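Count the sequence shown with full-length UniProt numbering and you get residues 1 to 214, in order. The structure appears below as structure tokens.
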Amino acid sequence: MLATETVPAGTVADLPAGTLVEVKGTLRCAAPVTGHLSQSPCAHYVATVLREYSYYRSDSNGRRQRVRGNETLESVTACAAFEVVDDSGAVLVRPEEATVEGISAVERYEPYEGGSEGGFAVAAINALTRNEQTHGFRYSEVQLPLDAPIYVLGVTGDGAIGAKPKRGQSFVISTKSEEMRAADLARGGKWMLGIGIACLIALAVCLALALWVA
């Protein structure tokens with residue numbers, strides 16, 4: 001994936017089908033969808049509503065413990081075909097099969113104060129029968145906004161980007177630049193390496209203690 005070269009958007013239609021390409025430019029969408037929570041036009045969104053709750057359970061010694069959790073009450077996704085435009089022209093992108101990294105358009109928390117209005121409040125009331133206390137609802141929406149800088153890594157097909165990737169290929173649409181994504185991957189790799197080293201050290205200590213006790 002790192003070896004994939006960026007190609008001008010206007011040349012993608014001339015490439016053979018099945019070619020893995022990378023384009024950068026500006027997102028243009030003639031027929032956008034409307035964000036479920038934000039109510040703003042965009043090319044793709046994922047909107048979720050979580051109910052946050054707690055309940056008590058008893059351990060093996062009969063002690064009551066408070067446990068917190070959440071459940072998804074609603075999850076909605078929608079997308080529309082869009083174009084990536086640069087100085088060379090434009091290429092159509094069909095995002096249905098893509099992993100999408102968008103921006104946060106909605107992120108809010110609303111405490112539950114009782115009452116019975118609305119479907120989510122009904123869910124909170126119904127939860128009382130399971131001895132759960134509802135604390136509130138968390139609303140979030142991530143989207144690809146219109147006219148935003150966009151990065152696309154995907155497979156060509158029918159003159160567009162959006163063919164289902166083969167094994168070993170990726171289809172990513174991101175509002176982050178290629179450089180930002182590479183930095184994020186590097187940080188993630190270092191974090192995983194640190195966890196691996198910590199696990200090896202812990203294992204070595206356990207083995208040393210076991211040998212010492214023996």
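Built from N, CA and C at the ideal position, the CB exists for glycine as well. Every value quoted in this text rests on a predicted model; they were computed, and no experiment measured them.
(request) Specify the secondary structure class of Lys190 as computed by DSSP and reduced to three states. (result) Here residue 190 refers to the residue found at position 190 of the sequence shown. Summary for Lys190: the model assigns pLDDT 44, below 50, so the residue's position carries little reliability; its value from the coordinates is reported in the next sentence. DSSP places Lys190 in helix when its eight states are reduced to three.
(message) Can you check which of these residues, Ser60, Ile161, Glu132 and Gly168, is closest to Glu83 by C-alpha distance?
(response) For this step, residue 83 is matched to residue 83 along the sequence shown. Nearest option by C-alpha distance: Ile161.
(request) Within 10 angstroms of the Cβ of Ile103, are there 16 or more other Cβ atoms? Answer buried if so, exposed if not. (result) Working through the sequence shown from its first residue, we reach residue 103 at position 103. The residue in question, Ile103, is exposed, as its Cβ has fewer than 16 Cβ neighbours within 10 Å.
(message) Please list the terminal residues of the continuous beta strand (DSSP E) segment that includes residue 249.
(response) Lying outside 1 to 214, the shown extent of the chain, residue 249 is not represented and no answer is given.
(message) My parser needs the beta strand (DSSP E) runs of 3 or more residues fully inside the region 75-151; what are they?
(response) Segments of the beta strand (DSSP E) lying fully in the region 75-151: 82-86, 89-93, 99-101, 103-111 and 133-145.
(message) So, with DSSP's three-state summary, where would you put Leu37?
(response) Against the sequence shown, residue 37 aligns to sequence position 37. The answer is coil: DSSP assigns Leu37 none of H, G, I, E or B.
(request) Find the nearest neighbour of Pro145 within the set Gln169, Arg57, Leu209 and Cys42, judged by alpha-carbon distance. (result) Here residue 145 is taken as the residue at index 145 of the sequence shown, counted from 1. Nearest option by C-alpha distance: Cys42.
(request) Throw me the rounded Cβ distance for the Thr48 and Glu74 pair, which I believe falls under 8 Å. (result) As a first step, residue 48 is located in the sequence shown; it is residue number 48 there, counting from the start. As a first step, residue 74 is located in the sequence shown; it is residue number 74 there, counting from the start. Confirmed, about 7 Å.
(message) Short of 6 Å in beta carbon distance, which residues of its chain neighbour Glu97, apart from the five on each side in sequence? Order them along the chain.
(response) One-based indexing of the sequence shown puts residue 97 at position 97. For Glu97, same chain residues with a beta-carbon under 6 Å away, outside a window of 5 residues either side, are Lys164 and Phe171 in chain order.
(request) Give the range of the beta strand (DSSP E) segment to which Thr26 is assigned. (result) For the purposes of this step, residue 26 is taken as the residue at position 26 of the sequence shown. From DSSP, the beta strand (DSSP E) with Thr26 extends over Leu20 to Arg28.
(message) Looking at the secondary structure, which residues open and close the beta strand (DSSP E) in which Ser170 lies?
(response) Position 170 of the sequence shown, counting from 1, holds the residue named residue 170. Run containing Ser170: none; DSSP gives neither H nor E here.
(request) Alpha carbon to alpha carbon, how far is Thr72 from Thr134? Give it in angstroms, no decimals. (result) For this step, residue 134 is matched to residue 134 along the sequence shown. For this step, residue 72 is matched to residue 72 along the sequence shown. C-alpha separation (whole angstroms): 13 Å.
(request) Report yes if the C-beta of Glu141 is less than 7 Å from at least one heavy atom of the ligand MG; otherwise report no. (result) As far as ligands go, the structure on display features none, and thus does not contain the ligand MG.
(request) Can you give me the Cβ contacts of Asp147 inside the same chain, cut-off strictly under 8 Å, excluding the 5 residues immediately before and after it? (result) The residue labelled residue 147 in the question sits at position 147 within the sequence shown. Hits under 8 Å: Thr26, Leu27 and Arg28.
(request) Assuming Val33 and Val21 form a contact by the criterion Cβ under 8 Å, report the distance between their Cβ atoms to the nearest whole angstrom. (result) The residue labelled residue 33 in the question sits at position 33 within the sequence shown. The residue labelled residue 21 in the question sits at position 21 within the sequence shown. The pair is not a contact, with the Cβ atoms about 25 Å apart (cut-off 8 Å).
(message) I'd like the list of long-range same chain contacts for Trp191, defined as Cβ closer than 8 Å, with 5 residues on each side in sequence excluded.
(response) For the purposes of this step, residue 191 is taken as the residue at position 191 of the sequence shown. Unreliable positioning characterises Trp191 in this predicted model, as indicated by a pLDDT of 46, which lies under 50. The coordinate reading is nonetheless provided below. Excluding positions up to five away in sequence, the list is empty.
(message) Checking 8 Å against the spacing of the C-beta atoms, do Arg64 and Phe137 come in under that value?
(response) Translated into the one-based positions of the sequence shown, residue 64 becomes position 64. Translated into the one-based positions of the sequence shown, residue 137 becomes position 137. The answer is no: Cβ separation not under 8 Å.
(message) Less than 8 Å between the beta carbons of Tyr53 and Glu113, yes or no?
(response) Within the sequence shown, numbered from 1, the residue matching residue 53 stands at position 53. Within the sequence shown, numbered from 1, the residue matching residue 113 stands at position 113. It is not a contact, given that the beta carbons lie outside the stated cut-off.
(request) Count the other CB atoms, across all protein chains shown, that sit within 10 Å of the CB of Ala9; report buried if there are 16 or more and exposed otherwise. (result) The count along the sequence shown starts at 1 and reaches residue 9 at position 9. Looking at its Cβ environment, which holds 16 or more other Cβ atoms inside 10 Å, Ala9 is buried.
(request) Below 6 Å CB to CB, which residues in the same chain sit around Ile201 once its five sequence neighbours on both sides are set aside? (result) Here the question's residue 201 lines up with position 201 in the sequence shown. No residues qualify anywhere along the chain.
(message) Counting C-beta neighbours from all protein chains within 10 Å, is the total for Glu141 16 or more, i.e. buried, or is it exposed?
(response) One-based indexing of the sequence shown puts residue 141 at position 141. Per the 10 Å Cβ criterion, buried.
(request) Determine the extent of the beta strand (DSSP E) in which Gly162 is found, giving its start and end residues. (result) Locating residue 162 in the sequence shown gives position 162, where the first residue counts as 1. Its beta strand (DSSP E) spans residues Ala160 to Ala163.
(request) Name the residue from Leu209, Leu207, Leu211 and Thr175 whose alpha carbon lies nearest to the alpha carbon of Tyr45. (result) Mapped onto the sequence shown, residue 45 falls at position 45. Checked all of Leu209, Leu207, Leu211 and Thr175; the closest Cα to Tyr45 is Thr175.
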